[in-house]
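The structure appears below as structure tokens.
Chains as they are written, first to last, in the numbering used here: chain L, 1 to 201; chain U, 1 to 201; chain G, 1 to 201; chain D, 1 to 201.
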């Protein structure tokens, strides 16, 4: 395999990238030697500057500080009695950007398709149980912030059972359903409309 | 104008139909004489069998009954203390299909763009006030069930003011915001996430 | 079935229209009584003013003239030695609009999927043979103007055989392949590129 | 700027990639340490193994051979009297894959928008003239293989003038226009239909 084809193959493993766009990436790099250098440097920096938070398991940039906790987990002003479980790092960022949440997080690392075998290979359920063992006594509520689809519901069901067993005193909750920004009544499904009606204010 | 062009022009006034698809409709009718006959008959039947409900102003099929009220408005088991204002007939059908609502309706006939002149030409605000005058004393809550966009919010703001003036004892409410079915955290906007967090359960 | 549902069902038979848009058409007509009247009148006019041309079998508006031939077939200045077979009326209009053709037409009424049974039920092959019998001696070339896909190629193959048998002196030709307006080399398929290379000028 | 943001910014310069997908690429690399290593190695290999052909200016993998010409330019069986000018490397690959061309190439490095200043900064016009000076006496025809849009036509017009001035004995040609694979008559523009009619065969 020559190096154009090799690099094309690697880019086509990137999320959402097919072979044609991967090839275009390669020519883009061939035409812009400078970008190749920047790209290599940034990937190497990423390796050195980013670590995974010991508590929430998200990736974060260390910025020279020697700590093993991300800024959120290290912030004493966050509400430690509230834990939100999100599927992935980007979901955490999305919630954080909304500005409406002051508790702590746990990044599950994915979600659980219906009838999936070996959940511990797909999501960080072992790590979650360890966290509950270590600091479960401080937690009052866990928000199961999953995507509003069947995989998200299945994951929430699984987590609820596991939490009930591991830390029965903790209340679990789900994000509220209703009309998303931009939603139109005509196209809204019955489930969404029912919740929107219940949650009216 | 010949009749092919004339019919094409009429079809291209239909919602979502451009001149090319309109022309295709005409050739469809030319090839299927039977459909033309059926279509004319169904349009004429529509005129005779459908009337507009005196109370909620939706269109409904009379089915031979001489009444001037639709099935919902004529149903004594519906909760008359609850009124939902929806933009259009299809929105009413959508809510009705969800099965979660047992009150009455009012079809506004549209919504109000921001800074729109002469609201009474765009929405049935006069008709709404008449209804409030006639039976406002029985109504405890009006749900402003608008689309979750800026036009919907503008319409809700306008209606809230008008209702406060016309019937100050009636509480107004909005449909709950949150994650619609299928929504993913990563793509949810801050407003939706904040509401989903507040409405968690 | 009530008349709203009946009309919805008829509109959903229209090409490219699903039940939701069909329903929207019905409410559009309910809100605009005037359009219903216009629509019925235009459909009735269509029936009276449009006939099918005896020669090319396209639909055309008579405009009061008693003839049974469309304007093109009745035009003595068109080149009768050249016949173009097109799948449908809209294709004829498309070629006519291009202004590059001065011969006559035959509208096939469709095209022939691969391995289709009973071609005479799908395309006007009987009518074509009758036309060749009646005036084949004046025709020098038949252009098989089919869509550039496998169904079009299959139809052209079928027609070529039939014409060879019915009128062996007539030459058949295909529309030239090459880059369509807007085509980009990167996305062009090998077949198109080869033809574009052969037809370079 | 932290390294997550920096790498996101670099990926969002890639063709067709917005900030959201760029961020997803970064998390993809964070989760798959192995891919980062492979990626860095492949980019470095690319730099060492790929050079730009001295004649056609395309990028090619050297495969250990010390030559400065790509496989096509070094192939004595290719027809040196025929030169095809293509906008970019991928266009050359597309034509080569079609298997219908046996001449040589020149990669222009882009195309010329209408009214663009300083063409020599956008396309390799200087390099083209040098090539014509060096070996123009062997070339009989130059195929201006541009995309079938206004930018492509503008580029062809510009090149035709430049070639006429630099090497007046060389004939220039354009790729044939006509129906691309998959094209339908109904949607074909007049220009395409006219060419398809002229190029019929």
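Just so you know, even glycine gets a beta-carbon here, dropped at the ideal spot from N, CA and C.
Can you pull the DSSP bridge partners for residue 52/D?
-> As a working mapping, residue 52/D is identified with position 52 in the fourth chain. Its beta-bridge partners are 59/D.
Test item: CB-CB of residue 147/L and residue 179/U under 9 Å = The count along the first chain starts at 1 and reaches residue 147/L at position 147. The count along the second chain starts at 1 and reaches residue 179/U at position 179. Result yes, Cβ atoms of residue 147/L and residue 179/U sit closer than 9 Å.
Thinking residue 3/G and residue 174/D are a contact (beta carbons under 8 Å), I'd like their distance in whole angstroms, please.
-> Position 3 of the third chain holds residue 3/G. Position 174 of the fourth chain holds residue 174/D. Residue 3/G to residue 174/D, Cβ: 59 Å. No contact.
Separation of residue 116/D from residue 122/D, as counted between CA atoms = Within the fourth chain, numbered from 1, the residue matching residue 122/D stands at position 122. Within the fourth chain, numbered from 1, the residue matching residue 116/D stands at position 116. For residue 122/D and residue 116/D, the distance between alpha carbons rounds to 9 Å.
Is the shortest distance between the beta-carbon of residue 187/D and the beta-carbons of chain C less than 9 Å?
-> Absent from the structure: chain C. Protein chains present are L, U, G and D.
Under 7 Å (Cβ pairs) to chain D, residues found in the stretch 45-70 of chain L = Residues 45, 46, 47, 49, 50, 59, 61 and 63.
Minimum length 4: unbroken alpha helix (DSSP H) runs contained in the stretch 95-123 of chain D | Counting whole runs of 4 or more residues, the stretch 95-123 of chain D contains the alpha helix (DSSP H) stretches 119-122.
Report back the beta-carbon spacing between residue 69/G and residue 47/G to the nearest angstrom; my notes put them in contact at under 8 Å.
-> The residue given as residue 69/G occupies position 69 in the third chain. The residue given as residue 47/G occupies position 47 in the third chain. That belief does not hold up - the Cβ atoms of residue 69/G and residue 47/G are roughly 19 Å apart, past 8 Å.
Using DSSP bridges, identify the partner residues of residue 141/G.
-> The sequence position of residue 141/G within the third chain is 141, counting from 1. BP columns for residue 141/G point to 82/G and 171/G.
In the DSSP assignment, find the alpha helix (DSSP H) that holds residue 150/G and state where it starts and stops.
-> Position 150 of the third chain holds residue 150/G. In the DSSP assignment, residue 150/G falls within the alpha helix (DSSP H) that extends over 150-166.
Comparing alpha-carbon positions, which option in 112/U, 34/U and 41/U lies nearest residue 153/U?
-> Walking along the second chain from the start, residue 153/U turns up at place 153. Of 112/U, 34/U and 41/U, the residue nearest in Cα terms is 112/U.
Residue 142/G to residue 30/G, Cα distance in whole Å?
-> Along the third chain, one-based indexing puts residue 142/G at 142. Along the third chain, one-based indexing puts residue 30/G at 30. The C-alpha of residue 142/G lies about 49 Å from the C-alpha of residue 30/G.
Where does the unbroken alpha helix (DSSP H) through residue 202/L begin, and where does it stop?
-> Given that chain L is displayed from residue 1 to residue 201, the structure contains no residue 202/L and the question cannot be resolved.
Starting from residue 81/D, find everything on chain G with Cβ-Cβ shorter than 8 Å and list it in chain order.
-> Taking the fourth chain and counting its residues from 1, one reaches residue 81/D at position 81. The premise fails here: residue 81/D is roughly 15 Å from chain G at the closest Cβ pair, so nothing lies under 8 Å.
Residue 200/U, DSSP secondary structure in three states = Your numbering for residue 200/U matches position 200 in the second chain. The three-state secondary structure of residue 200/U, taken from DSSP, is coil.
Should residue 200/U be flagged as near chain L, meaning a C-beta pair shorter than 9 Å?
-> Here residue 200/U corresponds to residue number 200 of the second chain, with the count starting at 1. Chain L, which has a Cβ nearer than 9 Å to the Cβ of residue 200/U, makes this yes.
If you draw a straight line from the C-alpha of residue 89/G to the C-alpha of residue 27/U, how long is it?
-> Reading the third chain from its first residue, position 89 is the one you call residue 89/G. Reading the second chain from its first residue, position 27 is the one you call residue 27/U. When rounded, the separation of the alpha-carbon atoms in residue 89/G and residue 27/U is 8 Å.
Spell out a yes or no on whether the stretch 84-100 of chain U and the stretch 181-193 of chain L are touching, meaning 3 or more CB-CB pairs, one atom from each, closer than 8 Å.
-> The stretch 84-100 of chain U vs the stretch 181-193 of chain L: in contact.
Express the C-alpha separation of residue 23/D and residue 8/D in angstroms, rounding to a whole number.
-> Translated into the one-based positions of the fourth chain, residue 8/D becomes position 8. Translated into the one-based positions of the fourth chain, residue 23/D becomes position 23. C-alpha separation (whole angstroms): 5 Å.
With distances taken Cα to Cα, identify the nearest neighbour of residue 138/G among 156/G, 158/G and 103/G.
-> By one-based count along the third chain, residue 138/G stands at place 138. Put simply, of 156/G, 158/G and 103/G the residue whose alpha carbon is nearest the alpha carbon of residue 138/G is 103/G.
Under a three-way DSSP split, which group does residue 177/D fall into?
-> For the purposes of this step, residue 177/D is taken as residue 177 along the fourth chain, with counting starting at 1. Here DSSP, grouped into helix, strand and coil, assigns residue 177/D to strand.
For residue 189/G and residue 161/G, the rounded distance between their alpha carbons = Counting from 1 along the third chain, the entry for residue 161/G is found at position 161. Counting from 1 along the third chain, the entry for residue 189/G is found at position 189. Each residue's CA atom was taken as its position, placing residue 161/G and residue 189/G some 28 Å apart.
Find out if the Cβ-Cβ distance for the pair residue 21/L, residue 119/D is shorter than 9 Å.
-> Taking the first residue of the first chain as 1, we reach residue 21/L at position 21. Taking the first residue of the fourth chain as 1, we reach residue 119/D at position 119. For the 9 Å CB-CB criterion, residue 21/L and residue 119/D do not form a contact.
Give the single residue among 80/L, 145/L and 36/L whose Cα lies nearest to the Cα of residue 94/L.
-> The sequence position of residue 94/L within the first chain is 94, counting from 1. Nearest C-alpha to residue 94/L: 145/L.
Neighbour-count burial assignment, residue 1/U, 16 or more Cβ in a 10 Å radius = As a first step, residue 1/U is located in the second chain; it is residue number 1 there, counting from the start. The residue is exposed, with fewer than 16 neighbouring Cβ atoms inside 10 Å.
Contact residues within the stretch 104-121 of chain D, judged by C-beta distance below 9 Å to chain L | Of all residues in the stretch 104-121 of chain D, the ones placed with a Cβ closer than 9 Å to any Cβ belonging to chain L are 109, in chain order.
Is the beta carbon of residue 131/G sitting closer than 9 Å to the one on residue 106/G?
-> Within the third chain, numbered from 1, the residue matching residue 131/G stands at position 131. Within the third chain, numbered from 1, the residue matching residue 106/G stands at position 106. Using a Cβ distance threshold of 9 Å, residue 131/G and residue 106/G count as a contacting pair.
Can you have a look at residue 176/G and say buried or exposed, based on whether 16 or more other CB atoms are within 10 angstroms of its CB?
-> As a position in the third chain, residue 176/G is number 176, starting the count at 1. Of the other Cβ atoms in all chains shown, 16 or more fall within 10 Å of the Cβ of residue 176/G; this residue is therefore buried.
Measuring CB to CB, does residue 17/U end up less than 9 Å from residue 40/G?
-> On the second chain, residue 17/U is found 17 positions in, with the first residue counted as 1. On the third chain, residue 40/G is found 40 positions in, with the first residue counted as 1. Not closer than 9 Å, so no.
Check the C-beta distance from residue 140/U over to residue 81/U and give it rounded, since I have them as a contact under 8 Å.
-> Taking the second chain and counting its residues from 1, the one referred to as residue 140/U is at position 140. Taking the second chain and counting its residues from 1, the one referred to as residue 81/U is at position 81. So it is a contact: roughly 4 Å between Cβ atoms.
Residue 57/U and residue 124/U closer than 9 Å at C-beta | As a working note, residue 57/U is residue 57 in the second chain. As a working note, residue 124/U is residue 124 in the second chain. The answer is yes: Cβ separation under 9 Å.
Mind checking if residue 90/G is an interface residue toward chain U, Cβ cutoff 9 Å exclusive?
-> Numbered from 1 along the third chain, position 90 holds the residue referred to as residue 90/G. Taking Cβ atoms only, chain U reaches closer than 9 Å to residue 90/G, which makes this a yes.
Please name the residue, chosen from 150/L, 36/L and 167/L, that lies closest to residue 134/L on a Cα-to-Cα basis.
-> As a first step, residue 134/L is located in the first chain; it is residue number 134 there, counting from the start. Ranked by how close their Cα comes to the Cα of residue 134/L, the residues 150/L, 36/L and 167/L have 167/L in first place.
Answer with buried or exposed for residue 114/G, where buried requires no fewer than 16 other C-beta atoms within 10 angstroms of its C-beta.
-> The count along the third chain starts at 1 and reaches residue 114/G at position 114. The residue is exposed, with fewer than 16 neighbouring Cβ atoms inside 10 Å.
Could you pull out every residue in the same chain whose Cβ sits closer than 7 Å to the Cβ of residue 59/U, ignoring the five residues on either side in sequence?
-> Start at 1 with the first residue of the second chain, and residue 59/U comes out as number 59. Within the same chain, residue 59/U has close Cβ partners 50, 52 and 89.
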